[in-house]
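Here is the structure we will look at, set down as structure tokens.
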Amino acid sequence: MSLAAVADADLVARCRRGDQDAWSELVSRFSRYVYAIATRAYRLESHDAEDVFQEVFARTYERLDELREDASVRPWIGTLTRRLCVDRLRAVRPEQTMEEPADPLDTEDTLAKLDEAWSLHEEMKVLPEHCAEILDRFFARDESYKMIGDQLGLPAGTIASRISRCLAKLRRQLEGRKPRFQPSSRG
Amino acid sequence: MMRTSEHDEERLGELLGLLSPAPDAWVRAAQELPRARQEIDEIAARVEADKEFRAAVTADLEAALRAAGYELDPRLLPVLRERLSA
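Listed in order, the protein sequences are those of chains A and B. This note's numbering puts the first residue of the first sequence at 38, with every later residue one more than the last. This note's numbering puts the first residue of the second sequence at 898, with every later residue one more than the last.
Shown next, in the form of structure tokens:
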């Protein structure tokens, strides 16, 4: 079984045993989440976000033994990231006395959206591989139709319709998954 | 059942766009962390045991590491300095 298919709890257990490949997978698996919290929810500058990103994984590595529920590693990493982002903001903007950055409601809203996005990201694993890849390239990697076409060896003119079909497939897949995923009407 | 509409697909697209990849170099550095920690442990142990190496490290850490063949990520130098001063 590929490590990408290993459940979070099993991955954490492997990391504790010193499995370097498992650690690489753990970083890879949660890197987008940590990055999004730092840059989208807390809007850290790139160099601050990078420091927080590295610190999150350094502490995760050092403190995996403190994790009580291995399956809860993602929310645990999320909480750690939030705390480090707040610490960083306090350090770079000491005049700001509130616990969260300038607009705490906006931050909370973004964090809630990131949790929804994470659920969706997990659902993508069940999609046919070509769909997951094309949606990820277009929406998450912000690649153009031409770039996607070049990378996947497809005519650029067919990319828009493929995206539309894959999005519809994802939506249909989600229809049977409630209440695990329930897009709100916010936004 | 979830309401199906074009709006839902727009929202799915919006959510998919939120989790963009972190820069490759950041991810690689975090993935290398266990090896880097191991290297730091080795260096610290050698500083403890090898008087000559300790003197070289005290004089110029980066030069001493280069001369001894260590290729530590420059971002980890502060971590090593902190470890050696502890």
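Heads up, the beta-carbon is just placed ideally off N, CA and C, and yes, glycines get one too. Quick caveat, the model's predicted, so the values are computed rather than measured.
### Task
With R209 (chain A) as the anchor, note down where its alpha helix (DSSP H) starts and where it stops.
Reading the first sequence from its first residue, position 172 is the one you call residue 209 (chain A). From DSSP, the alpha helix (DSSP H) with R209 (chain A) extends over I196 to E212.
### Rounded separation between V71 (chain A) and V93 (chain A) - CA only
By one-based count along the first sequence, residue 71 (chain A) stands at place 34. By one-based count along the first sequence, residue 93 (chain A) stands at place 56. Each residue's alpha carbon lies about 8 Å from the other.
### Query
Are L164 (chain A) and L207 (chain A) close, meaning C-beta to C-beta below 9 Å?
Your numbering for residue 164 (chain A) matches position 127 in the first sequence. Your numbering for residue 207 (chain A) matches position 170 in the first sequence. Yes.
### Message
To the nearest angstrom, how far is the alpha carbon of T195 (chain A) from that of R111 (chain A)?
### Response
One-based indexing of the first sequence puts residue 195 (chain A) at position 158. One-based indexing of the first sequence puts residue 111 (chain A) at position 74. One C-alpha to the other measures close to 36 Å.
#### Entry: Rounded Cβ spacing between R978 (chain B) and L958 (chain B) (contact assumed at less than 8 Å)
In the second sequence, the residue the question calls residue 978 (chain B) occupies position 81. In the second sequence, the residue the question calls residue 958 (chain B) occupies position 61. Indeed they touch by this definition, with Cβ atoms about 7 Å apart.
### Query
If we ignore side chains and look at the alpha-carbon of each, how far apart do L48 (chain A) and E159 (chain A) end up?
The count along the first sequence starts at 1 and reaches residue 48 (chain A) at position 11. The count along the first sequence starts at 1 and reaches residue 159 (chain A) at position 122. Their backbone Cα atoms lie some 16 Å apart in a straight line.
### Query
Using CA coordinates, which residue listed in A:D179, A:T97 and A:D173 is at the minimum distance from L121 (chain A)?
The residue you call residue 121 (chain A) lines up with position 84 of the first sequence. Nearest option by C-alpha distance: A:T97.
### Query
Using the rule of at least 16 other Cβ atoms within 10 Å of the residue's Cβ for burial, across every protein chain shown, is L962 (chain B) buried or exposed?
Stepping through the second sequence from its first residue, residue 962 (chain B) is reached at position 65. Answer is buried; the Cβ neighbour count reaches 16.
#### Entry: Residues within the stretch 201-214 of chain A neighbouring chain B, beta-carbon criterion of under 9 Å
S201, L204, A205, L207, R208, R209, L211, E212, G213 and R214
### Query
Can you list the residues of chain B that V64 (chain A) reaches, using a CB-CB cut of under 7 Å?
As a first step, residue 64 (chain A) must be located in the first sequence, where it is residue number 27. Ordered by position in chain B, the residues that pass the 7 Å Cβ test against V64 (chain A) are V924, A927 and Q928.
### Query
Going along the chain, which residues of the stretch 178-202 of chain A sit with their C-beta nearer than 9 Å to a C-beta in chain B?
R178, D179, I200 and S201
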